[in-house]
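*Asks:* Going by full-length UniProt numbering, the sequence shown opens with residue 1, and the numbers climb by one from there.
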Amino acid sequence: MNNLKLGVEVLSAHNLMPKDGQGTSSPFVEVIFDNQKFRTTVKQNDVNPVWNERFYFNVCLSGTSFVSFSESVALHYPLEKRSIFSRVKGELGLKVFLTDDPS
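(1) For phenylalanine 38, I'd like the list of residues in its chain whose CB is within less than 7 Å of its CB, leaving aside the five on either flank, ordered along the chain.
(2) Can you look up glutamate 71 in the DSSP assignment and give me helix, strand or coil?
(3) Mind the definition here: the stretch 64 to 79 touches the stretch 45 to 52 only if three or more C-beta pairs lie below 8 Å; say whether that holds.
(4) So, for serine 26: in the same chain, excluding its five sequence neighbours on each side, which residues have a beta-carbon less than 8 Å away from its beta-carbon?
(5) Please say whether glutamate 80 and valine 10 have beta carbons closer to each other than 7 Å?
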């Protein structure tokens with residue numbers, strides 16, 4: 001067994017769809033992996049929020065090939081609708097990496 005952690009850094013979101021009549025939204029990100037859940041802070045009235053928050057998940061891996069934080073790159077993912085009635089727009093920037101020192 002190892003002490004590796006799966007790190008996820010929630011960077012930012014861009015061009016989110018406003019949820020109120022004033023053209024704003026109060027977004028947050030919920031990250032779930034293997035029944036472990038984390039949530040960012042809520043960014044009040046912001047359709048282009050910046051979080052830069054890191055979360056660490058417990059993982060069990062048998063291989064030795066992984067990307068460290070220093071080698072990880074920010075990737076932007078388009079947001080997807082959760083249902084046919086969802087109104088979603090924008091993208092979310094994340095870094096995903098493995099570490100044995102979540103400090």
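Backbone N, C-alpha and C define an ideal beta-carbon position, used for all residues, glycine too.
*Replies:* Answer, in terms of the structure:
(1) Closer than 7 Å at the Cβ level, and outside the excluded window around phenylalanine 38, lie Val31, Phe55.
(2) Here glutamate 71 carries a helix assignment [DSSP, helix/strand/coil].
(3) With a cut-off of 8 Å, the stretch 45 to 52 and the stretch 64 to 79 do not count as touching, because too few Cβ pairs lie within range.
(4) Once the five neighbours on either side are set aside, the close Cβ partners of serine 26 are Lys19, Val42, Lys43, Gln44, Asn45, Asp46.
(5) Contact flag unset, no.
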